[in-house]
Ligand code: ZN
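Below, the structure is given as structure tokens:
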């Protein structure tokens with residue numbers, strides 16, 4: 003499935019150190035009523051929590067906890083509707099001082115050191131998440 007929305011507002015800015023990265027993204031989108039969109043973000047974190055979805059068990063397992071200061075080499079995702087609310091889905095790649103990379107599904111518990119974001123709102127259509135039978139994931143219907 004797919005839709006063909008139009009570009010809406012664009013936002014560029016940064017989030018404050020010490021805040022939770024996923025909570026800041028969700029909060030910003032809710033405050034600005036961004037119901038559909040895409041974003042990217044770079045910066046650094048003081049620690050990170052990443053999810054991994056087990057395709058056999060059909061659930062998030064093995065939450066990766068990284069208790070170190072890391073660069074956000076890339077963080078990207080989308081914004082849509084789940085259970086009637088605005089929901090950010092974000093993936094992140096983090097790099098350590100040796101250039102090693104870690105990645106996964108961004109979970110609550112990732113503390114910002116610095117975070118510069120760009121958000122592109124999309125308008126004229128809506129994507130709503132609902133449980134997908136094949137994957138067990140809340141996918142776009
Ligand atoms: Zn994900």
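Numbering (our numbering), first residue to last: 3 to 143.
We put the beta carbon where it would ideally sit given N, CA and C, even for glycine.
Given the structure is predicted, the values throughout are model-derived calculations rather than measurements.
query                                                                                                        : result
Beta-carbon proximity of residue 49 to residue 112, cut-off 9 Å                                              : yes
Supposed close pair residue 94, residue 131 - CB separation, criterion 8 Å                                   : Going by Cβ atoms, the distance from residue 94 to residue 131 rounds to 20 Å, so no, they are not a contact pair.
Within 6 Å of the ligand MG: residues by beta-carbon to any heavy atom                                       : Only the ligand ZN can be found as ligands here, which leaves the ligand MG out of the picture.
Neighbourhood of residue 7 by C-beta, 8 Å cutoff - its chain only, sequence neighbours within 5 removed      : 38, 124, 125, 126, 127
Closest by C-alpha distance to residue 40, when choosing among 13, 107, 73                                   : 13
3-residue-minimum beta strand (DSSP E) runs that sit fully inside the segment 51-99, ordered along the chain : 61-68, 72-84, 87-97
C-alpha distance - residue 73 paired with residue 92, whole-angstrom precision                               : 16 Å
Unbroken beta strand (DSSP E) run spanning residue 113, endpoints                                            : 113-125
Inter-residue CB distance, residue 90 and residue 27 (contact presumed, cutoff 8 Å)                          : 5 Å
Same chain, Cβ closer than 6 Å to residue 36, five either side skipped, listed in chain order                : 81, 123
DSSP-derived helix/strand/coil call for residue 138                                                          : coil
Residue 25 and residue 115 closer than 9 Å at C-beta                                                         : no
Where residue 29 sits in the DSSP three-state scheme                                                         : helix
C-alpha distance - residue 129 paired with residue 101, whole-angstrom precision                             : 36 Å
For residue 108, the first and last residue of its enclosing beta strand (DSSP E)                            : 103-108
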